[in-house]
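The structure under discussion appears below in the form of structure tokens.
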Amino acid sequence: MNHDEHQTDLEPSLSPRDAAAIEALINAGFDASRIPASAERKRVGRISSLLNLLRSGPGPDPALIDVTMARVNRAAGLPADETPLCPDDQETLDALVMAAFDPSRLPSSLRARGVKQEAVLSLLTAATAPASGSLADRTLARVQAHIDAEQGAYSLAGVRRARGAGVRLRDLLSVAAVILIGSAVLLPVMSSMREQSRRALCRTNLGSTALAMSNYASANRDSLPVATASLVPGGTWWQVGKEPQQSNSANLFTLTRAGYVPIAALACPGNPAAPTANVSPGAFDWRRIEEVSYSYQIMFGAQRPVWRRGPEAVVLADRSPVVLRAFHGEPVDPFTNAPNHACQGQHTLRNDGSVGWLASPVLPNGDNIWLPRGIEVQIQKFMEKRGLAPLNGNEVPASADDTFLGP
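Everything in the sequence shown is counted per the numbering used here, starting at 39 for the first residue and increasing by one.
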């Protein structure tokens with residue numbers, strides 16, 4: 039096949055019915071209501087709705103970009119990553135994206151199908167069901183029951199049944215050894231299973247929060263959630279529950295207050311003090327610092343990161359152990375991991391929407407997520423005094439690419 043033939047194959051063509059519908063719409067002055075009622079009027083209405091999109095402004099929604107690129111790939115003969123949809127579903131999904139996922143803005147011919155698609159997509163922002171934790175507990179309980187049954191075979195009662203009334207010292211030692219070895223092996227395994235369950239649920243929470251931040255940014259010019267950008271003169275940003283001008287966590291709480299994400303998605307299972315329900319309707323923040331599960335980028339600096347633009351930055355992570363200890367006036371170690379996961383590491387959410395795991399609070403570029411750049415420089419100069427430079431609660435990031443999370 040030569041080049042000209044290849045170009046001809048890619049040229050779009052209309053069906054005779056579509057061509058007739060467009061011609062009728064042109065003759066009616068692009069007013070679909072002037073088309074006589076007929077079997078073709080529905081087709082003309084759909085074409086009119088599509089042409090009206092040319093008059094709308096550009097949409098910065100990343101989902102629209104993804105849909106467009108997928109269609110470009112299909113037109114070029116490249117495989118698309120998604121499962122193919124039927125034409126009606128594809129048309130409805132495209133229209134739903136362009137309508138900012140609001141089915142009420144769809145044409146009447148697509149609205150019923152759009153409502154169903156929106157209901158499926160809403161599962162991505164639904165709160166994580168608390169059943170995950172209970173499922174792990176039930177599983178571990180059954181494991182423990184099996185262990186108890188196995189140990190019963192080696193109990194003193196079992197030995198008596200096997201050997202009569204007398205119990206020898208050797209039998210006692212054998213039973214004790216089996217119990218001791220079983221406990222030494224299984225208890226760490228059970229503890230590890232619980233921690234893995236908590237980590238998985240925590241990662242899911244951050245995924246839901248990422249979607250909520252994306253929706254917030256789409257409605258607020260790519261801004262990260264913020265309640266107020268002004269810090270009370272001489273005040274601190276770790277006074278959780280007092281007023282937004284003294285609490286950075288109130289900025290993160292905006293996602294719940296504005297209905298972008300339920301409070302349960304901001305509660306790490308590794309923080310037993312975190313509330314998961316029954317938040318007061320007028321609440322603007324958590325009640326105390328111990329209830330906060332995730333530390334958020336300090337939003338009171340002169341420069342703040344934005345969502346999906348500008349320098350890549352960590353904007354949310356498991357709660358900061360440095361801020362917790364500094365808040366209570368205790369010496370801090372800036373290289374300690376978050377307490378949510380037994381100080382083994384911390385989940386992070388970046389402003390590109392990705393969720394990851396850090397085994398250390400220090401990023402590959404040397405930025406410590408628990409500290410502003412000014413204190414990091416001091417620590418580099420006086421490494422032997424590590425832990426003797428506590429925060430005061432009024433520090434702010436040096437720039438938009440200076441990750442500094444709290445409280």
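The beta-carbon is built from N, C-alpha and C at its ideal position, and this holds for glycine as well.
When beta bridges are read from the DSSP output, N406 appears opposite V400. Taken through DSSP and simplified to helix, strand or coil, R388 comes out as strand. The DSSP-derived three-state label of V344 is strand.
Contact check for A364 against R388 fails: the beta carbons are separated by 8 Å or more. For Q335, the enclosing beta strand (DSSP E) begins and ends at 332 to 335. By the Cβ test, the region 281 to 291 is in contact with the region 321 to 341, since at least three Cβ pairs between them sit closer than 8 Å. The shortest CA-to-CA distance from P343 to any of Q277, E329, E328, A267 is the one to A267. In the same chain as R236, and ignoring 5 residues on each side of it, the C-beta atoms closer than 6 Å to its own belong to P307, G308, in chain order.
Under the criterion of beta carbons closer than 8 Å, A303 and T247 qualify as touching, at roughly 6 Å. Residue burial annotation: I73 is buried, with at least 16 other C-beta atoms found within 10 angstroms of its C-beta. By the Cβ neighbour-count rule, A311 is exposed, with fewer than 16 other Cβ atoms within 10 Å of its own. Closest in C-alpha terms to W324, from the list P145, S212, S287, comes S287.
Around the beta-carbon of A376, 16 or more other beta-carbon atoms lie within 10 Å, marking it buried. In the three-state reduction of the DSSP assignment, V370 falls in the coil class, being assigned neither a helical nor a strand state.
Just so you know, the alpha carbons of A321 and D260 end up roughly 25 Å apart.
With 16 or more neighbouring CB atoms inside 10 Å of its own CB, C240 falls in the buried class.
Taking the Cβ atoms as the reference, D356 lies roughly 10 Å from Q382, outside the contact range of under 8 Å. By the CB criterion at 8 Å, P141 and V153 fall inside the cutoff. Excluding its 5 nearest sequence neighbours in each direction, T441 has C-beta neighbours in its own chain below 6 Å: A351, V352, D405, I407, listed in chain order. In the displayed model, G152 falls within a helix according to three-state DSSP.
Closest option to L52, judged by alpha-carbon separation, among W276, I85, S358: I85. Around the Cβ of L144, a 10 Å sphere holds 16 or more other Cβ atoms; the residue is buried. Excluding its 5 nearest sequence neighbours in each direction, S252 has C-beta neighbours in its own chain below 8 Å: P100, W345, R346, G391, listed in chain order. Distances from the CA of P445 to each of G279, V317, V299, A255 were compared; the closest alpha carbon is that of G279. Of the residues A133, S87, V82, G83, the one whose Cα lies closest to the Cα of T106 is A133. Of the residues G272, N258, R411, T292, the one whose Cα lies closest to the Cα of A265 is T292.
Counting along the chain, no beta strand (DSSP E) covers L162, and no H or E run does either. When rounded, the separation of the alpha-carbon atoms in G67 and D127 is 30 Å. Burial state of G245 is buried, judged by a 10 Å Cβ sphere holding 16 or more other Cβ atoms.
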